[in-house]
Amino acid sequence: MDIVLIGYGKMGKAIEQIALERGHQIVLKISRDNQGAFTESNLQMADVAIEFTSPGSAFENVEKCLAAHIPVVCGTTGWDEHLDMAKARCIEENGSFLQTANFSVGVNLFFELNRQLAAMMNNYPGYDVHITETHHLEKKDKPSGTAITLAEQVLDNLERKKHWHLGADQSDYDILNIQSFREAGIPGTHLVRYTSGIDDIEIRHTAHSRKGFALGAVLAAEYIHNKKGVFSMRDVLKGQEKF
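Letter by letter, the sequence shown follows residues 0 to 242 in numbering that gives the first Met the number 0.
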């Protein structure tokens, strides 16, 4: 495939490396330094676009790709208020769009474990639950999109929790607390812990590098190429036997 990278920071460079290893071509790299190249005609040189920028620009970037009829994979988080509009625009344009809080294959397996564990714990009210996430200092949104996804999955399956809250100062039993930490050199760690007076049960995902996120983004681009609709990483991983 011919790929446009929208955002050429650390993630963009990691995606480029994986894409080249998998036999794809990078035909355009959009960064802060060449915004003038972000045109419809340039986008149309590609088969698919992969977007990793910032919450303030993601929606506009996705719209540009859909208007150019280029499938777009978006890994930017923190713009949930515009996500439904992006999906609607994709349908209007008969386009292809995939956005996720986390492209890592391991994290998406972790999501499945989180859903199942929350459903099991629904029958055991003696356990409380909280989520902790730690990321590198450059991470712009807090809590992370991955932590929000984990929280929403818990809320969907654990009847005693009604809302999530950022910080540890809410002691209401129906509140799910998320704690966020920013430390140098941490690609991303997420912990879901159930606690009781007797014992604790926890599941954890620890990323060792950006490579897992980059691989997932390229897998997503390969998946939506030549498809129409709004997709998720669950679609990508369905039937994915190896990576």
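Built from N, CA and C at the ideal position, the CB exists for glycine as well.
| said: As a quick exercise: from Thr131, Ala57 and Leu116, pick the residue whose alpha carbon is nearest that of Ile147. | reply: Translated into positions along the sequence shown, residue 147 becomes position 148. Ile147 has its Cα closest to that of Thr131, out of Thr131, Ala57 and Leu116.
| 8 angstroms contact criterion, which Gln152 and Phe110 should meet: CB distance rounded | Stepping through the sequence shown from its first residue, residue 152 is reached at position 153. Stepping through the sequence shown from its first residue, residue 110 is reached at position 111. At roughly 7 angstroms, the Cβ-Cβ gap stays under 8 angstroms, so Gln152 and Phe110 are in contact.
| Three or more C-beta pairs below 8 angstroms linking the segment 104-122 and the segment 173-191 | Here the segment 104-122 lies against the segment 173-191, with 3 or more beta-carbon pairs under 8 angstroms apart.
| said: Taking DSSP's pairing of strands, which residues face Asn176 in a bridge? | reply: For the purposes of this step, residue 176 is identified with residue 177 of the sequence shown, where counting begins at 1. DSSP output for Asn176 lists His129 and His164 as bridge partner(s).
| Near His207, which residues of its chain fall below 8 angstroms by C-beta distance, leaving aside the five closest residues on each side in sequence? | Position 208 of the sequence shown, counted from the first residue, corresponds to residue 207. Here the set comprises Pro186.
| field | Met10 vs Arg159 beta-carbon contact at 8 angstroms | value | Within the sequence shown, residue 10 is the residue found at index 11, counting from 1. Within the sequence shown, residue 159 is the residue found at index 160, counting from 1. Cβ distance not < 8 angstroms, so Met10 and Arg159 don't count as in contact.
| query | Would a C-beta distance cut-off of 8 angstroms place Ser195 and Tyr126 closer than the cut-off? | reply | Here residue 195 corresponds to residue number 196 of the sequence shown, with the count starting at 1. Here residue 126 corresponds to residue number 127 of the sequence shown, with the count starting at 1. Against a cut-off of 8 angstroms, the Cβ pair of Tyr126 and Ser195 comes out as a contact.
| request: Give the DSSP bridge partners of Glu20, in chain order. | output: On the sequence shown, residue 20 is found 21 positions in, with the first residue counted as 1. For Glu20, which the question treats as bridged, DSSP gives no partner whatsoever.
| message | On the DSSP bridge list, what partners appear for Asp1? | response | Start at 1 with the first residue of the sequence shown, and residue 1 comes out as number 2. Asp1 is bridged to Gln24.
| query | Ends of the alpha helix (DSSP H) at Glu111? | reply | Residue 111 sits at position 112 when you count from the first residue of the sequence shown. Counted as a single uninterrupted DSSP element, the alpha helix (DSSP H) harbouring Glu111 occupies residues Val104 to Met120.
| In angstroms, rounded to a whole number, what distance separates the CA positions of Asn113 and Ala100? | What you label residue 113 is simply residue 114 of the sequence shown in a count that begins at 1. What you label residue 100 is simply residue 101 of the sequence shown in a count that begins at 1. Using only the alpha carbons, I get a separation of about 15 angstroms.
| field | Rounded straight-line distance, which links the Cα of His134 to that of Ser56 | value | For the purposes of this step, residue 56 is taken as the residue at position 57 of the sequence shown. For the purposes of this step, residue 134 is taken as the residue at position 135 of the sequence shown. Computed Cα separation, rounded: 21 angstroms.
| One or two residues paired with His81 in a DSSP bridge | Locating residue 81 in the sequence shown gives position 82, counting from the first residue. Note: His81 is not bridge-paired with any residue in the DSSP secondary-structure output.
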